[in-house]
Amino acid sequence: LSGWPLTAEERAYVVERAEHERRPGRESMKHLPRLWPVVPSAGHWGGTSWLEAHEKLVRHVREQAGPCDVLLVGDSITQQWGSPLDKGQLNASWRKVFGDLRVVNIGIGGDKTQNILWRLDHGGVEGLQPKVIVLMIGNNNMFFTPETGVESAAAGVQECVKNLRGKFPDAVLLVSEILPAGAPGQKFYEDIQATNAALRGLAFESEDRQLRMLPLWSEFVQEDGKLKGELYLPDRIHLSLAGYDLYAARLQPFVMAAVQGQSLPRTAAVGPVGRPAKMAGQAVSGGMPAVRPALPAADVVLAMQPVLEYPYAAYNAGRLDPQLTGWPLTEAEWLWVQRGEYFRKPGHEVQKHLPEMWFVTPTAAHWAPKDGSEGNDWIVHHGECLKRMRSERGAAEIVLLGDSLTQGWGGGWDGAAWNAAWERHFEGRRAVNLGIGGDRIEQILWRLDHGALDGVTGGVIVLMIGVNNAPLVQANGVPVSAAAEGIALCVKNIRRRCPESKLLLVQILPAFDRAKETGARIAEMNRAVAALKLDADVSVRVLNLDSQFLNADGSLCRELYSDGHLHLNAVGYDRLGAGIRQSIQDWLR
């Protein structure tokens, strides 16, 4: 379907169903990732946000209907030239080179080729008569090339070119290479190179005299392949003003020739035309660092045995996650966890998308060091937790395990003091806080198998986990049942490792808007966990505190949250402490 405005049925389809639920093959329960980049698909940021951005651009396009000099099409790199979605003014780099040219910018941050295709067919350029079109798209497709392959990503760009040419047969079409991002040796970086090579192989220019491929790669990297830092923002994806200055300078001869009706300059391929040969020290598989970081010091040595057989075990024949246990990590494990977490998700190595396995497969998180060096600060923090646990020598009465809501009590790896609410409710109790902000269910499973509760022989373990899984249920197609199963595996793991301890499972606290999207998924996850009746084990208690954090009308008590929707303030922690105190005291008497 195409056209604008959407019918009520179309609008419901793109608003109420996340993008992953509309991917090709989803309706027949078949996974067809090769089709994702080439099949038009509306984006989805949760609710109506993406569609509202498109609607705003459609209104802008209609206001600008008729002849224009330049039409800019793409993602955030295009949007940041200056967009009606932001301040509306073109940035200094553009104005300096192109002055008062009449420009229409329809870039939307986060867009992939399939989103561009959808927007082009749903009023995105209707009524415009551009002299020259600048297309840069494909960067965000690189997040999915492990499933789609680079050839499909290149085909998606080709489909965008065909669509634009069909709509504007007389316009000059400038197709910019995808700019380098990341670093040599990283799969994201290499897949951009390979996609650009595939695009050059399509021989656009020989078929279309009004089309030019702009080779930009070598302009943005040093001789060793690393990004020219001054051209990028700290994320190593988006451009600084210096980067836009260079991009504008490379566009200038083509844009001005098109606007002035002159012959277009020819282009020559610049830089690497395929996957580069590996340099010494580079990784050989996606997502690995170019330099091998040293193993962290082994202050604690734990020889642990697995206590569970995880569902994903059959898929990877015992390789690394989820089978290995113990501490410190072997060199192979240490190198494995240097890879971005995305590249270690279940199914990645077999080119299959298995979101139903994500929450039930032990997975280490990945925090890149703030100083830009290689490594994984999350692993370092886990090691700090192990040292704190070891220092208690089995005497801890209360052990806290969870994410930032748990870490927020204080007393954890970051050296923060116990907060006032903890001191008020649990003063004098020996406690250890193992919470790490950002953790999800799968990280808890990994940490349990790598020594988190080593030496715990009694007392009360308080587990509160799952809020960071809810966005993946909302946006990435992970079933609610998988979240419940993952929490059940955490409970089972803890009970087998610490049979003499009591376990208080605090269900996910209300967060966000309970009536929709992520907030609603949290409620569904809690109901699914409750249905498992984990407290049939007399040493387990499942505690739901919704009534303490919701108003009578079911809305969030925002006055309990420091950010208004997720993290607790002092009053919120006091209420949480009061909620868990009775169960803990009952067991410790």
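Numbering (our numbering), first residue to last: -9 to 579. The C-beta atom is built at its ideal place from N, Cα and C for all residues, glycine as well.
Looking at the secondary structure, which residues open and close the alpha helix (DSSP H) in which residue i lies?
i           : result
residue 87  : 82 to 88
residue 449 : Looking at the DSSP string, residue 449 is not in any alpha helix (DSSP H), and its letter there is neither H nor E.
residue 426 : Where residue 426 is concerned, there is no enclosing alpha helix (DSSP H), given that its DSSP letter is neither H nor E.
residue 561 : 560 to 578
residue 345 : 345 to 348
residue 536 : 536 to 539
residue 363 : It is not in any alpha helix (DSSP H) - residue 363 carries neither H nor E in the DSSP assignment.
residue 142 : 140 to 157
residue 131 : No alpha helix (DSSP H) holds residue 131; DSSP gives it neither H nor E.
residue 508 : 507 to 521
residue 408 : No alpha helix (DSSP H) contains residue 408, which DSSP labels as neither H nor E.
Helix, strand or coil: which one does DSSP assign to residue i?
i           : result
residue 95  : strand
residue 497 : coil
residue 227 : coil
residue 267 : Only weak support is given to the placement of residue 267: the predicted model assigns it a pLDDT of 29, under 50, and the value that follows is read from those uncertain coordinates. Correct three-state label for residue 267: coil.
residue 121 : strand
residue 396 : helix
residue 317 : strand
residue 280 : Residue placement at residue 280 is flagged as unreliable, the pLDDT there being 38, under the threshold of 50; a coordinate-derived value is accordingly withheld.
residue 431 : helix
residue 421 : strand
residue 300 : coil
residue -4  : coil
residue 391 : strand
residue 587 : Residue coverage of the chain in this structure runs from -9 to 579, which leaves residue 587 outside it and unanswerable.
residue 110 : helix
residue 546 : strand
residue 262 : Bear in mind that a pLDDT of 33 at residue 262, under 50, signals an unreliable position, so the number given afterwards is only what the model happens to contain. Correct three-state label for residue 262: coil.
Within 10 Å of its beta-carbon, does residue i have 16 or more other beta-carbons around it, so buried, or fewer, so exposed?
i           : result
residue 351 : buried
residue -2  : exposed
residue 144 : buried
residue 490 : exposed
residue 497 : buried
residue 223 : exposed
residue 541 : exposed
residue 6   : exposed
residue 82  : exposed
residue 528 : exposed
residue 73  : buried
residue 526 : exposed
residue 377 : exposed
residue 149 : buried
residue 159 : exposed
The beta strand (DSSP E) with residue i in it runs from where to where?
i           : result
residue 531 : 530 to 533
residue 163 : 162 to 166
Consider the Cβ of residue i: report whether some Cβ of chain C lies at a distance smaller than 7 Å.
i          : result
residue 61 : This model lacks chain C altogether; it includes just one protein chain.
What runs of the beta strand (DSSP E), each 3 residues or longer, lie entirely inside the segment -1 to 77?
-> Given a length threshold of 3 residues, each whole run of the beta strand (DSSP E) inside the segment -1 to 77 is given here in chain order: 56 to 64.
Entirely within the segment 174 to 220 and at least 3 residues each: give me those beta strand (DSSP E) ranges in chain order.
-> Counting only runs of 3 or more, we get 201 to 204.
Decide if the segment 173 to 192 is in contact with the segment 63 to 78; the criterion is three or more beta carbon pairs, one per stretch, under 8 Å apart.
-> Taking a cut-off of 8 Å on C-beta distances, the segment 173 to 192 does not touch the segment 63 to 78, as fewer than three cross pairs fall below it.
Give, in chain order, every unbroken run of the alpha helix (DSSP H) that is at least 4 residues long and sits entirely within the segment 434 to 494.
-> Fully enclosed alpha helix (DSSP H) runs of 4 or longer: 460 to 465 and 470 to 487.
Between the segment 143 to 163 and the segment 24 to 31, do at least 3 Cβ pairs fall closer than 8 Å?
-> Touching, yes.
Are at least three pairs of beta-carbons, each pair with one atom in the segment 557 to 564 and one in the segment 403 to 413, less than 8 Å apart?
-> Counting Cβ pairs under 8 Å, three or more are found: they touch.
Counting Cβ pairs, one atom from each stretch, are 3 or more of them under 8 Å apart for the segment 95 to 110 and the segment 240 to 254?
-> With a cut-off of 8 Å, the segment 240 to 254 and the segment 95 to 110 do not count as touching, because too few Cβ pairs lie within range.
For the segment 159 to 173 and the segment 120 to 133, state whether three or more C-beta atom pairs, one from each stretch, are separated by less than 8 Å.
-> The segment 159 to 173 vs the segment 120 to 133: in contact.
Please confirm if the segment 532 to 541 is in contact with the segment 365 to 380, defined as three or more CB-CB distances below 8 Å between the two stretches.
-> The segment 532 to 541, when compared against the segment 365 to 380, does not touch it at the 8 Å Cβ threshold.
Can you find at least 3 beta carbon pairs, one from the segment 439 to 456 and one from the segment 384 to 392, that sit closer than 8 Å?
-> Enough Cβ pairs lie closer than 8 Å, so yes.
Stretch pair the segment 201 to 214 + the segment 230 to 244: three plus CB contacts closer than 8 Å = Taking a contact to require three or more Cβ pairs closer than 8 Å, the segment 201 to 214 and the segment 230 to 244 qualify as touching.
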